[in-house]
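Chemist: Residue numbers for the sequence shown follow the working numbering, so the first one is 164 and each next one is one higher.
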Amino acid sequence: MTEDYYAPPVEEKKSNKTLIIIIVVVVVLIVLCCCCVLGTLLLAGPQVGNVFSNIIEELVTPVP
């Protein structure tokens, strides 16, 4: 008597390394984007402020 026993494959526990790596990469990209935006605002802040000051001055000053 030959009986074939089918053993279901043992499910290996999937490690969450891939998920952790993806989360770390996304967090790093978000932090870098925030740093770039803050750096740009710090460097271009005075110029942006001057533009808005000029617009306000032109609105307030009557044109003859």
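Using N, Cα and C, we set each Cβ at its ideal position, and we do this for glycine too.
In whole angstroms, what separates the C-alpha of GLU221 from that of PHE215?
Modeler: Your numbering for residue 221 matches position 58 in the sequence shown. Your numbering for residue 215 matches position 52 in the sequence shown. Rounded to the nearest angstrom, the two C-alpha atoms are 10 Å apart.
Chemist: Going straight from the alpha carbon of VAL190 to that of CYS196, what length do you get?
Modeler: By 1-based counting over the sequence shown, the position of residue 190 is 27. By 1-based counting over the sequence shown, the position of residue 196 is 33. Spanning the two alpha carbons is a distance of roughly 10 Å.
Chemist: DSSP three-state call for ASN179: helix, strand or coil?
Modeler: One-based indexing of the sequence shown puts residue 179 at position 16. Coil at ASN179, not helix or strand.
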